[in-house]
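Visitor:
Residue numbers (our numbering): 2 to 267.
As structure tokens, then:
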């Protein structure tokens, strides 16, 4: 029987190729950056404000015998996505994969959600990844490259309270994934990963943890490394495009209980 972690990309399968991971300094993004480095890729770690963690991530990557570069920017700001991609290409001379992991999250009751807050979150979570993808497209096209977007169960498989703008941004990114996969085939593949509960934050109370765990058929939360392996798989497989892969221990197939399906930070 296959155990968790048993199926991995062969070491050096990405040797000589370069990947840009947005939000690659912490949590899932950092695990994704490391997974590509372990497969031999040179990695560009994007960050917005986590400078110290980004430098630590770069040192971890270099310790694996590959190159690492850092690029700072806010993907919600006009012009930044294009600059981020340009710096990533300049760093290693090529771009073979783009992983759009960076995102923002907040809870606001729909009745209190102003247009400014709605637009700001969509700029970060939907427009930002699109502008990154559009800027990366000519470089990825040269390399028969790929894009992997990070989604969420919220907006794709479940509905949560007080997350109208966040759900809209992730549902939009899921639709964009399929649309770009169609428009940019066969030169560029576009897929997405939708993680479930991955890391409990320190603020999650024990009773809430138990409620969440009771709705995961696998009986546990996932790890950043499990999400990273799914991202690496989709970035590597040449005959898969336009797909959304849930990495959630089966949570998305459970009957939903709206008031208990609040986001855990990952």
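For each residue, glycine too, the CB sits at the ideal point set by N, CA and C.
Take the Cβ of residue 183 as the centre, count every other Cβ of all protein chains shown within 10 Å, and call the residue buried at 16 or more, exposed below.
Guide: That one is exposed.
Visitor: Report the option in 255, 240, 253 and 236 whose CA atom is closest to the CA atom of residue 96.
Guide: The candidate whose alpha carbon is nearest that of residue 96 is 236.
Visitor: Out of 65, 20, 188 and 168, which has the shortest C-alpha to C-alpha gap to residue 91?
Guide: Checked all of 65, 20, 188 and 168; the closest Cα to residue 91 is 20.
Visitor: Starting from residue 120, follow the alpha helix (DSSP H) in both directions and report where the run begins and ends.
Guide: Its alpha helix (DSSP H) spans residues 116-123.
Visitor: What are the boundary residues of the alpha helix (DSSP H) that includes residue 160?
Guide: Counting along the chain, residue 160 falls outside any alpha helix (DSSP H), and DSSP gives it neither H nor E.
Visitor: By the DSSP assignment, the alpha helix (DSSP H) with residue 18 in it spans what residues?
Guide: Premise fails: residue 18 is in no alpha helix (DSSP H) and is neither H nor E.
Visitor: Per DSSP, what kind of secondary structure is residue 190 in: helix, strand or coil?
Guide: Residue state, collapsed to three classes: strand.
Visitor: Run through DSSP, which three-state label would residue 40 get?
Guide: Coil at residue 40, not helix or strand.
Visitor: What residue does the alpha helix (DSSP H) around residue 50 start on, and which one ends it?
Guide: Taken as a continuous stretch (DSSP letters only), residue 50 belongs to no alpha helix (DSSP H), as it is neither H nor E.
Visitor: Got a sec, what are the start and stop residues for the beta strand (DSSP E) residue 147 sits in?
Guide: Looking at the DSSP string, the run of the beta strand (DSSP E) that includes residue 147 is 147-151.
Visitor: Under a three-way DSSP split, which group does residue 69 fall into?
Guide: Three-state DSSP puts residue 69 in a strand.
Visitor: Identify which residue in 244, 163, 154 and 57 has its Cα closest to the Cα of residue 148.
Guide: Out of 244, 163, 154 and 57, 244 has the C-alpha closest to the C-alpha of residue 148.
Visitor: Tell me whether the region 29-39 and the region 99-110 touch, counting them as touching only if at least three CB pairs, one residue from each stretch, are closer than 8 Å.
Guide: The region 29-39, when compared against the region 99-110, does touch it at the 8 Å Cβ threshold.
Visitor: Relative to the alpha-carbon of residue 60, which residue among 45, 49, 73 and 74 has its alpha-carbon at the smallest distance?
Guide: Considering only alpha carbons, the answer is 45.
Visitor: Please return the same chain residues whose Cβ sits closer than 8 Å to the Cβ of residue 22, not counting the five positions on each side in sequence.
Guide: Counting only Cβ-Cβ distances below 8 Å, and skipping sequence neighbours, we find 30, 33, 34, 37, 44, 45, 46, 47, 100 and 102.
Visitor: On a Cα-Cα basis, can you pick out the residue from 124, 239, 238 and 221 that is closest to residue 248?
Guide: That would be 221, whose Cα lies nearest to the Cα of residue 248.
Visitor: Nearest CA to the CA of residue 150: which residue from 58, 228 and 69?
Guide: When only C-alpha atoms are compared, the closest one is 228.
Visitor: Bridge partners of residue 100, per DSSP?
Guide: The partner list for residue 100 (beta bridge, DSSP) reads 22 and 149.
Visitor: Let's see if you can read the secondary structure: which residues bound the beta strand (DSSP E) around residue 245?
Guide: Unbroken beta strand (DSSP E) run through residue 245: 245-248.
Visitor: Which partner residues does residue 196 have in the DSSP bridge list?
Guide: Its beta-bridge partners are 248.
Visitor: Among 17, 246, 250 and 179, which residue has its Cα nearest to the Cα of residue 214?
Guide: Residue 214 has its Cα closest to that of 250, out of 17, 246, 250 and 179.
Visitor: Work out the CA separation of residue 255 and residue 218 for me, nearest whole Å.
Guide: Each residue's Cα considered, the two are about 8 Å apart.
Visitor: So does the region 135-145 actually touch the region 188-205, counting three or more Cβ pairs closer than 8 Å?
Guide: With a cut-off of 8 Å, the region 188-205 and the region 135-145 count as touching, because enough Cβ pairs lie within range.
Visitor: Could you tell me which residues DSSP pairs with residue 109 in its beta bridges?
Guide: Beta-bridge pairing links residue 109 to 164.
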